[in-house]
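4 protein chains.
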Amino acid sequence: MKLWDRKGVKLKREIEDFAVGNETQVDQAIVYYDCIASIAHARMLQKIGVLTSQELSRVVHALKELVSIDRQGSFKIKKEEEDCHTAIENYLAEKLGDIGKKIHAGRSRNDQVAAALRLYEKHELEEVKSSVSLLLSSLKLFQKKNAKVPIPGYTHLRKAMPFSVGGWAQAFIESLQDDLILLENAAKLVDQNPLGSGAGYGVPVIAVDRKLTAKELGFAKVQESPLYVQNSRGKFELVILDAINYVMLDLNKLASDIWLYTSGEFGYFQLPKEFSMGSSMMPQKVNPDVIELLRAKASVVAGYRETVSRIIQGLPSGYHGDFKLTKEPLMRAFEAVNSSLKIAALIIGGLKVDDQRCRAAMTKELYATEEALKLVKQGIPFREAYRKVAESLGSRKQ
Amino acid sequence: MKLWDRKGVKLKREIEDFAVGNETQVDQAIVYYDCIASIAHARMLQKIGVLTSQELSRVVHALKELVSIDRQGSFKIKKEEEDCHTAIENYLAEKLGDIGKKIHAGRSRNDQVAAALRLYEKHELEEVKSSVSLLLSSLKLFQKKNAKVPIPGYTHLRKAMPFSVGGWAQAFIESLQDDLILLENAAKLVDQNPLGSGAGYGVPVIAVDRKLTAKELGFAKVQESPLYVQNSRGKFELVILDAINYVMLDLNKLASDIWLYTSGEFGYFQLPKEFSMGSSMMPQKVNPDVIELLRAKASVVAGYRETVSRIIQGLPSGYHGDFKLTKEPLMRAFEAVNSSLKIAALIIGGLKVDDQRCRAAMTKELYATEEALKLVKQGIPFREAYRKVAESLGSRKQ
Amino acid sequence: MKLWDRKGVKLKREIEDFAVGNETQVDQAIVYYDCIASIAHARMLQKIGVLTSQELSRVVHALKELVSIDRQGSFKIKKEEEDCHTAIENYLAEKLGDIGKKIHAGRSRNDQVAAALRLYEKHELEEVKSSVSLLLSSLKLFQKKNAKVPIPGYTHLRKAMPFSVGGWAQAFIESLQDDLILLENAAKLVDQNPLGSGAGYGVPVIAVDRKLTAKELGFAKVQESPLYVQNSRGKFELVILDAINYVMLDLNKLASDIWLYTSGEFGYFQLPKEFSMGSSMMPQKVNPDVIELLRAKASVVAGYRETVSRIIQGLPSGYHGDFKLTKEPLMRAFEAVNSSLKIAALIIGGLKVDDQRCRAAMTKELYATEEALKLVKQGIPFREAYRKVAESLGSRKQ
Amino acid sequence: MKLWDRKGVKLKREIEDFAVGNETQVDQAIVYYDCIASIAHARMLQKIGVLTSQELSRVVHALKELVSIDRQGSFKIKKEEEDCHTAIENYLAEKLGDIGKKIHAGRSRNDQVAAALRLYEKHELEEVKSSVSLLLSSLKLFQKKNAKVPIPGYTHLRKAMPFSVGGWAQAFIESLQDDLILLENAAKLVDQNPLGSGAGYGVPVIAVDRKLTAKELGFAKVQESPLYVQNSRGKFELVILDAINYVMLDLNKLASDIWLYTSGEFGYFQLPKEFSMGSSMMPQKVNPDVIELLRAKASVVAGYRETVSRIIQGLPSGYHGDFKLTKEPLMRAFEAVNSSLKIAALIIGGLKVDDQRCRAAMTKELYATEEALKLVKQGIPFREAYRKVAESLGSRKQ
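Chains as they are written, first to last, in numbering that gives the first Met the number 0: chain W, 0 to 397; chain X, 0 to 397; chain Y, 0 to 397; chain S, 0 to 397.
Written out as structure tokens, the structure is:
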């Protein structure tokens, strides 16, 4: 039964199929957070007199039971229930009768879903941050081990100046540290309590206490404007996707480097055999599919971001059904970034540096700048020193 | 067992998990097409003497069996098999022993997957075209029924000139007819036989007959350059996604119009009750979620397109593992466009026109251009006529 | 003076600045096409009796004069005129008095701009096609000259099988030939006469002859639905941008290959010195900036496409001011694709193949597939042959 | 003369045209910042003994002169100079001879351009923040003035619950306040000194003092890893573009609302006549072009973001010529967001609220939720109350 069930009106089956889509599966990810938010809401309802203490304790008990059913993977949302919010209210109504029917006083699915989503997002962002930390640890170890191994630094894919494998890893370490800040910023922004904003226009008659639910749920502040709660649907998700995207772009660059450096022509790094795949036709091939897939995941996440950023563009204020379709890309992006970070940590952990080929690559032209600056030390203006060295390199070929 | 199985080397479990991802599920969609292409390949192998007639007939028989197993949904690809191509070869090897091990002579997974994908794509494009036709029928019926009902034509969301409900529908009919041409163009482009191009560099020793497999499989031509076969991975998919995208944008506009015209403020159209959903909090609400989801699907497909177009950008020539991730977005786009077209046909079929509100909206200012042109008929230069009418409309308010 | 000038109402200066933006510059590109379309419109007006023969001849004369003024770069659109359409009508009114004021009978800027744009687009698409042909010629020459030079074919950036420089070029030749078809398809789609559709709702009172203007302007057909004319604003531009985008992606791949192959590590190709830039700090550097910029142009054009495809999403039927902003990205895309194709032709023309390094790269493992297929010839099942060769390659390192 | 001028090698003219493109114009925007950064660099060079005090004072004097020439718009970069960095060094060399030729010791254009860009970005972000503040002031005034005017709150574009014009404005106020935080976060991230990192691999021989230049230029910290300096090219710009994008999406929603509410069908707001444009054909039209252009600017900026985010994807570590093309989209985005915010402030300042139409729109169904919650107050479980009210609303029409 739907929350808005209208007597005598049944949704056309094809319409229901299309409208619900895969939302019943998508919503499984937020059942837990909806229960948590519902408990906070119920506590607030008791404080303002809509539920008695006894009613509250039965509601809380039932919701905790539901949490443990969900943890066992046994709570399934039915298509005719549309979403997890309906399924949870139905569960309560069935378990507790009239008491269950009281839970929705002072809230709408609009603020309810926002609350569950944000709790989910805060949790997932922590996950991403710890996946980043995992990769950072892996990189730091690698950096320490190979700090002094020389490799050519490249610009324009042409040998530029002497560098080190350690220096190469350090660039990613610092980039990921910036990403952590960007993830943290995103987490701070979404840390606003939407509960009590109703459908986007507040809650009349009943004096909902938004600070109380904020405190219960650990939100840093109340998102005051009820309409902004709805207007930030998709916006907050975009903020998160953008933060994830910086990580994906870093992984994309890391993969691009490793792909190049493990090629036969560069040969600075080697992938362990148990990381490499093969060809169905060419017996000699040892292929870095895993590196390429890691690289390509940035494009996959960019697609999720594209979807969310387009969905919210062009819409007037207030809740719209379009927002439903912002949930899945967000969830998939979390999955992609976490698995990508973990595999990247593993790859860095397994990556071998070919000391010999690295050293062999340290050819003379890499030291041209050094030469020029030595002339500067002797008092020759830089531009002149530069030209002198350039000329001495004679007829260079590219 | 993998096709490239290397004795003593086992792929690290986490690497395998990441590298295979959900490809075993994704590939279920092309098992059938791979069997068909394998039959054509086997026939060619017999023609050039790699298989005997007897061997061929056993291979064909086994592949046809596999097709019917697949049709029953009983053919499952195992994770350790990576993809459907491996699973199919394994099936043959298990069934037929040495004969099964002969099937891969003269091909690589690289041309094999391209062949299966293109057969799939050609079939799916036909599906999309018939879904478009379904909507066209629905629109034509609607157009005929409401040909004469007047509604205001709008520019800038302001009343412009008199129009008709029929004229409104006609715009979508013609737009979808153009889309059919664009879909047809896409289908023609991908109609090139990749089989026999191997891993991207042809097939040595064995004289594969590419024209023969083209004919067997109904491809319009052979894609000559073996490297272009691989360079067109993702490109051909992008061509298809672009064609689908025009359809999605038409549906997006159709939904945008219906959303507006079924609002209380416009009121020209009405959605049947069994097409509308409700609110969990507001008892009076009757919401057009289905229209909004239809609208938002354009953003979902745009995300798939974004992924594919990014994956192929920046890559040098030849096959790369990145291409694997172009399959799922394509398949999801096909699913989205077909279901969206079908639901749109249903919506148009159910849409009611409120004749009275339409007529009531035909206010005087809509006829200002007519007035001006009547003056033109009397010999007054248009710009003067325009100004005269504008002045006579007096102090207009927006 | 604006066409819609309202007595006593002056547009606020900041609003005008924002609303006109750089449209006066953008529109310079279509002045010529608007004149041509205006001549056709005038001829039609004479046929249906709105202009006398004498009036027509004066109008045509004045418009032809304007064309030659424009050719000399002396026709400047003023900000207070908003766009070229206003500037042209003003010019006529000033030159011809009442006769000039008659020209706008039976048309709106909405169909007028569509007509000018499509004539412009048809012309520019021809330009792109001849730029593609230029590159094709360059590639064919290169292909012929280097047909037999061997290079390794790569998959996953790992040596795969023997290939040739000619084969490499051939892949781009065939890809660009497909692009020509895609450009041609786009050109055919937009080849529809919008004139006579007015503001999107037809032209009352006056019996405009749309077939006549179609014939005069060389459009293949009349775009029947007046509303579809407006609904295709942006859609037709997207079709063109998509076609351009395939070319840009081909150039992106071409540049990616050349970038790699001219690197010291690969060294198959060399860029002439006069094609290469340098570093401000490192005296030895010879950098392929031009290749990198060619590669990056795909991203620039992708941005233009993104803008246009977003502008048209989410809008209801009919003309909206948003469409104005689709003109500049389209024009910039034409400029980008043409200059990129020309520079690519020049690069291919100048590219030197290092025969020696190419041959030196033809290492043994490239022939492993050949070995396996030779065993197949002797009757060994392919998969077995494959494993035999793999084993004989012994403990391979990646 | 180019900084990397090679005797006897002249860049091919077409290559130069393509490679320089419009960079000489683009770079005009950062001449000032490059001078400032060059002064800091010179001061550091003096501290470490590369320049004498006297040389320093002449360099500083010349650069300050250049700043004032630039302010007057008289400093023009020549095509053969490629960029502003070359033009500035050439200016110094011409003015000061050998002293000018010393300035580039210890830096590369790679860190130099990063320094100039970040100073520019920090300044521009301040500009955006004050443009946001301008709009905030305008909204707050509007909010105060119309705090109590009732309007229907909408969900799904259907009347939902009672709201107020003040509440509507408040949602945008809070959203923009969040945007200010996001802009501030972006500004903090890019506030890292790149100077002294050379071409991406540090500066040998000469002991550059990166803390000193950081302090001189007001950077919050030194960006330690020299390679990360180059790897953050485009990444930092993307962070800024993302922040700008949130603002553009807010303006897009603001424009979408105003567009709807100023339509004849809604009629809650009115645009002043001097903000509205007209039609060339329809004498009665008063069109909100300015609102539509404001709405569409989000798509324009999304295109710039797309370009930058694509350019940096797929590239290995280090500087590449592709990065040059990230400058223009960033600059255009700054221009777009600033002009859009200012026009939005003006629009809000001019927007009139039609009190009468607002009140007339407060129809009965808006109070259904209130009714239900009143029943809750009487002890009826919410879901039951909801159904009671729904039934009492009887045969509802959508």
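Note that CB positions come from ideal geometry on N, CA and C, so glycine has one too.
Under a Cβ-count criterion, where at least 16 other Cβ atoms within 10 Å of its own Cβ denotes burial, should residue i be classed as buried or exposed?
i: W/Asp249; result: buried
i: S/Met0; result: exposed
i: S/Lys63; result: exposed
i: W/Gly7; result: exposed
i: Y/Asp97; result: exposed
i: W/Ile130; result: Checking the sequence shown, residue 130 of chain W turns out to be Ser, not Ile. It is buried - the Cβ of W/Ser130 has at least 16 other Cβ atoms within 10 Å.
i: W/Ala92; result: buried
i: W/Gln71; result: exposed
i: W/Lys415; result: Shown here, chain W extends from 0 to 397; a query on residue 415 of chain W therefore has no answer.
i: X/Ala36; result: buried
Got a sec, what are the start and stop residues for the alpha helix (DSSP H) residue i sits in?
i: X/Phe141; result: 108–144
i: X/Met330; result: 326–349
i: X/Thr51; result: Where X/Thr51 is concerned, there is no enclosing alpha helix (DSSP H), given that its DSSP letter is neither H nor E.
i: Y/Phe17; result: 12–19
i: X/Pro225; result: 225–230
i: X/Glu79; result: Run containing X/Glu79: none; DSSP gives neither H nor E here.
i: S/Thr368; result: 367–376
i: X/Phe235; result: 234–260
i: W/Leu293; result: 288–311
Give every residue of the same chain whose Cβ lies closer than 7 Å to the Cβ of residue i, excluding the five residues on either side of it in the sequence, and list them in chain order.
i: W/Val228; result: Asp110, Ala113, Pro193, Ser196, Gly199, Gln222
i: Y/Lys147; result: Ser163, Gly165
i: S/Met424; result: Residue 424 of chain S lies beyond the stretch modelled for chain S, which goes from 0 to 397, so this question has no answer here.
Leaving out the 5 sequence neighbours to the left and right, which residues in its chain are closer than 6 Å to residue i when beta-carbon positions are compared?
i: W/Pro315; result: none
DSSP on residue i, reduced to helix/strand/coil?
i: X/Ser163; result: strand
i: W/Met276; result: strand
i: S/Ile102; result: coil
i: X/Phe74; result: coil
i: W/Gln283; result: coil
i: W/Phe268; result: strand
i: S/Lys158; result: strand
i: Y/Gln222; result: coil
i: Y/Leu392; result: coil
i: S/Val352; result: strand
i: X/Gln27; result: helix
State the start and end residues of the unbroken beta strand (DSSP E) segment that holds residue i.
i: W/Ile150; result: 149–154
Is there at least one non-hydrogen atom of the ligand SAM closer than 8 Å to the beta-carbon of residue i?
i: X/Phe74; result: Questions concerning the ligand SAM fall outside what the structure shown contains, since it holds no ligand whatsoever.
Tell me which residues share the same chain as residue i and place their Cβ nearer than 8 Å to its Cβ, disregarding the 5 neighbours each side in the sequence.
i: W/Asp190; result: Arg117, Lys121, Phe218, Ala219, Lys220
Could you please tell me which residues of the segment 368–390 of chain Y, in chain order, have their CB closer than 9 Å to any CB of chain S? none
Give, in chain order, every residue of the segment 192–210 of chain W whose Cβ lies closer than 7 Å to some Cβ of chain A. Structure shown: chain A not included; protein chains present are W, X, Y and S.
Give, in chain order, every residue of the segment 305–330 of chain X whose Cβ lies closer than 8 Å to some Cβ of chain Y. Ser308, Ile311, Gln312, Gly313, Leu314, Pro315, Ser316, Gly317, Tyr318, His319, Gly320
Going along the chain, which residues of the segment 258–280 of chain X sit with their C-beta nearer than 7 Å to a C-beta in chain W? Lys272, Glu273, Phe274, Met276, Gly277, Ser278, Ser279, Met280
Quick one, which residues of the segment 220–252 of chain S are near chain X if we go by CB-CB under 9 Å, in chain order? none
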